[in-house]
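Worksheet for the structure shown next.
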Amino acid sequence: MSLDLQGIGMTSPRTRKRMAARLAEQGISNEEVLTVMRTTPRHVFMDEALASRAYEDTALPIGFNQTISQPYIVAKMTELLLAAGRPGKVLEIGTGCGYQTAILAQLADHVYSVERILALQKKAKDILWDLKLKNVHYLYGDGHSGWADYAPYDGILVAAAAPEVPEALLQQLAIGGVMVIPVGENGGPQTLQRITRTAHNYKFEHLEPVSFVPFLPGKD
Ligand code: SAH
Numbered sequence: 001m002s003l004d005l006q007g008i009g010m011t012s013p014r015t016r017k018r019m020a021a022r023l024a025e026q027g028i029s030n031e032e033v034l035t036v037m038r039t040t041p042r043h044v045f046m047d048e049a050l051a052s053r054a055y056e057d058t059a060l061p062i063g064f065n066q067t068i069s070q071p072y073i074v075a076k077m078t079e080l081l082l083a084a085g086r087p088g089k090v091l092e093i094g095t096g097c098g099y100q101t102a103i104l105a106q107l108a109d110h111v112y113s114v115e116r117i118l119a120l121q122k123k124a125k126d127i128l129w130d131l132k133l134k135n136v137h138y139l140y141g142d143g144h145s146g147w148a149d150y151a152p153y154d155g156i157l158v159a160a161a162a163p164e165v166p167e168a169l170l171q172q173l174a175i176g177g178v179m180v181i182p183v184g185e186n187g188g189p190q191t192l193q194r195i196t197r198t199a200h201n202y203k204f205e206h207l208e209p210v211s212f213v214p215f216l217p218g219k220d
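Residue 214 in full-length UniProt numbering is what sits at position 214 of the sequence shown, and the numbering runs on without skipping anything.
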């Protein structure tokens with residue numbers, strides 16, 4: 001596969017720079033996150049027909065009834081995850097098209113990414129390889145169980161909304177680690193939560209209303 005990494009017109013570096021400036025206006029303040037958002041092509045993760053809309057602040061379809069997360073949400077969740085410093089190991093649930101994965105891969109030592117739709121996982125893997133992001137490990141599975149083999153994780157980012165935080169994910173969070181997850185019933189209001197594991201407990205912070213696709217059971 002050959003990717004148009006640089007982009008022209010609506011997918012150009014200038015358009016991306018404007019997107020990053022908008023993110024700063026919306027309150028994203030972590031410079032490293034803003035830099036990575038400015039330099040990572042988003043248009044290569046979507047169908048050509050939608051590429052010209054890649055830098056709008058909106059979620060867009062990626063097939064299989066799923067969506068690529070909105071740039072603001074990707075930046076916000078990443079910033080929240082990095083609050084405790086650069087993470088060594090990050091677990092991501094919901095690889096999707098791989099855009100959030102690409103952002104995380106540049107800000108953590110290793111990313112472990114779980115996806116329940118095989119075709120999406122394969123596509124994401126190819127694009128990340130072309131982007132030379134090789135510190136990403138992929139699992140085709142149900143994110144409800146996390147990925148026990150590499151636990152504990154310094155950061156866990158969940159890209160689909162669950163009615164409650166899966167127990168396995170709480171268990172796989174390192175002490176001092178941070179999880180960012182949208183919580184809410186399917187079709188109902190959802191809240192972005194940040195959960196920090198302390199020596200003996202978990203601290204829950206309810207942050208802002210969000211709108212994610214549902215966290216589904218099993219593999220497709
Ligand atoms: N950050 C991704 C978000 C994709 S949408 C992107 O920007 O492309 C959420 C993703 O979570 C979908 O790909 C969906 O298939 C996946 N997902 C939903 N429930 C899951 C589960 N139980 N385990 C693993 N992945 C899941």
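Even for Gly, the Cβ is constructed at its ideal location relative to N, Cα and C.
Terminal residues of the alpha helix (DSSP H) in which residue i lies
i, result
"T78", "71-81"
"A124", "118-130"
"A168", "167-171"
"L104", "99-105"
Other residues of its chain near residue i: CB distance less than 6 Å, five sequence neighbours each side excluded
i, result
"residue 248", "Residue 248 lies beyond the stretch modelled for the chain, which goes from 1 to 220, so this question has no answer here."
"Y140", "L118, Q121"
"A151", "Q172"
"L80", "V180, R194"
8 Å contact criterion, which residue i and residue j should meet: CB distance rounded
i, j, result
"V111", "A105", "5 Å"
"P217", "D142", "7 Å"
"L184", "A168", "Note that residue 184 is Gly in the sequence shown here, rather than Leu. Incorrect: roughly 19 Å between the Cβ atoms, too far for contact."
The beta strand (DSSP E) enclosing residue i, as first and last residue numbers
i, result
"T67", "66-68"
"L91", "89-93"
"S211", "Note, S211: premise wrong, no beta strand (DSSP E); not H, not E."
"L139", "136-140"
"H144", "Looking at the DSSP string, H144 is not in any beta strand (DSSP E), and its letter there is neither H nor E."
Close-in-space but distant-in-sequence residues of the same chain around residue i (CB under 7 Å, 5 per side omitted)
i, result
"N135", "A105, D109, H110, V111"
"A174", "P152, Y153, D154, R197"
8 Å Cβ shell around residue i - same chain, five flanking residues per side excluded
i, result
"Y99", "T40, R42, F45, I68, S69, V74"
"Y55", "M10, T11, T15, R16, R18, M19, R42, H43, P71"
"T191", "P182, V183, G184, H206, L207, E208, P209, V210"
> Whole beta strand (DSSP E) runs in the region 9-60 with 3 or more residues, listed along the chain?
Replying inline: none
> Quick check: the region 81-92 against the region 153-162, are there 3 or more CB pairs under 8 Å?
Replying inline: yes
>> Restricting to runs no shorter than 3 residues, where is the beta strand (DSSP E) found entirely within the region 149-206?
In response: 153-158, 173-183, 190-197
> Does the count of Cβ pairs from the region 113-131 and the region 60-72 closer than 8 Å reach three?
Replying inline: yes
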